[in-house]
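First the structure, in the form of structure tokens, and then the observations on it.
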Amino acid sequence: MLLVYFLGSLGFLPVTSGLSVLLGHEATVPCIRSCSKVEWFRNEVLVYNFTAGNISVAPEFEGRIKFSEADLRKGNASLTITRVVYNDRSWYVCSCDGQKGCDHFLEVLVPTPFTAAVGAKAKLPCYAVTDKHSSASNVNVRWEKDDKLVVKLEHGEMETGEEYEERSSVSEEDYRKGDLSLTIDDIRPSDAGLYRCSALNGQNQIPEVVALMVTDSPSLYSPAHGWTVAIVLIVVFIAAAAVLWAYRGKVSAFIRSPPDNTVPADEE
Ligand SMILES: *[C@@H]1O[C@H](CO)[C@@H](O)[C@H](O)[C@H]1NC(C)=O
Ligand SMILES: *[C@@H]1O[C@H](CO)[C@@H](O)[C@H](O)[C@H]1NC(C)=O
Ligand SMILES: *[C@@H]1O[C@H](CO)[C@@H](O)[C@H](O)[C@H]1NC(C)=O
């Protein structure tokens, strides 16, 4: 039954492909078709309707759809969604003159923030369920930053991107524990950006994207922090001095009084 259903759904969705977009960014769901009437559905609910020059957009997409009549006339019925929200994660199906086509799943990626200081060593997280007995030839991990190679471990061989030579690595040993994290030595300001990890034979990978922010120097000793600490110390010192000054009589009396004067009053 399951197999039949699976084959059935394959037959029903002839064109499928995965798209991914970062939260808040712009996504284009492609559809190269010539049609005069275009309807885009998200999970079978109408998103966008262009019929005989009339346009209607679902309320949750109001002001977030880019659709060009000129493009459509040129045979491009693609749908562009701006300021993507997490709930936009879904299947999108285009109906062109009543004919179904162009099925795409839109994946919405939420970057995991990560902060590292210039000159420090950083370990960008990535985990997946891997085979703990993987032979070197089955280990396949790839890290990219802004679509450029950072490091690749394949068939036991490591290759690094130009800017990451001799200072980035993933560990084959850790891979067998499901840890595909990327180690970068000597962080540079230019390392800031979005990093994606992918593992050919890994499952349930988290996180999908890491947003690396690079700070000037270790945060505790940063100039801004130094000033805050100095000001707080000065304020505390002045307050303590003021309190001591206000109570100076009592304090000096207390200091001068011999120990046996401190017995409770009712015993005198
Ligand atoms: C799209 O708009 C046309 C014209 O307004 C309408 O006839 C059609 O039913 C709409 N499509 C859907 C799926 O609601
Ligand atoms: C398009 O809209 C106009 C007015 O806004 C309406 O008269 C016309 O019937 C609509 N066409 C379709 C196909 O719904
Ligand atoms: C179709 O239009 C989209 C924008 O809506 C654009 O990103 C894409 O490149 C176009 N595709 C072609 C083949 O012209």
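In mature numbering (1 follows the signal peptide of the UniProt record, and there is no 0), the protein residues as written are -18 to -1, 1 to 250.
Backbone N, C-alpha and C fix where the C-beta goes; we use that ideal spot for every residue, glycine too.
Distance cut-off 7 Å: residue i Cβ against heavy atoms of ligand 3
| i | result |
| --- | --- |
| isoleucine 14 | yes |
| serine 50 | yes |
| threonine 62 | yes |
| aspartate 70 | no |
| aspartate 113 | no |
Close Cβ partners of residue i (< 7 Å) along its chain, the five nearest in sequence each way excluded
| i | result |
| --- | --- |
| glutamate 33 | Residue 33 is actually threonine in this sequence, not glutamate. Around threonine 33: Lys19. |
Neighbourhood of residue i by C-beta distance below 8 Å, restricted to the same chain and skipping five residues each side
| i | result |
| --- | --- |
| lysine 103 | Thr165, Ile166, Asp167, Asp168 and Ile169 |
Outcome for residue i when other beta-carbon atoms lying within 10 angstroms are tallied against a minimum of 16
| i | result |
| --- | --- |
| valine 29 | buried |
| phenylalanine 219 | exposed |
| glutamate 249 | A caution first: glutamate 249 carries a pLDDT of 46, below 50, which makes its placement in the model too unreliable to give a value. |
| leucine 106 | buried |
| aspartate 173 | buried |
| arginine 230 | exposed |
| glutamate 21 | buried |
Other residues of its chain near residue i: CB distance less than 6 Å, five sequence neighbours each side excluded
| i | result |
| --- | --- |
| leucine 131 | Gly143 |
| glycine 184 | Ala110 and Thr112 |
Test item: CB-CB of residue i and residue j under 8 Å
| i | j | result |
| --- | --- | --- |
| cysteine 84 | valine 90 | no |
| aspartate 128 | leucine 176 | yes |
| leucine 4 | valine 11 | no |
| arginine 71 | leucine 88 | yes |
| valine 66 | glycine 6 | yes |
| lysine 82 | threonine 64 | no |
| valine 133 | tyrosine 157 | no |
Heavy atom of ligand 1 within 7 Å of residue i beta-carbon
| i | result |
| --- | --- |
| alanine 36 | The sequence shown places asparagine at residue 36, not alanine. Within the cutoff, so yes. |
| asparagine 58 | no |
| threonine 33 | yes |
| leucine 28 | yes |
Whole-angstrom C-beta distance between residue j and residue i, which should lie under 8 Å
| i | j | result |
| --- | --- | --- |
| leucine 135 | glutamate 154 | 7 Å |
| phenylalanine 110 | leucine 162 | Before going on, a small fix: residue 110 reads as alanine here, not phenylalanine. The Cβ separation is near 6 Å, so the contact holds. |
| threonine 94 | valine 191 | 7 Å |
| serine 60 | cysteine 13 | 5 Å |
| phenylalanine 23 | serine 77 | 7 Å |
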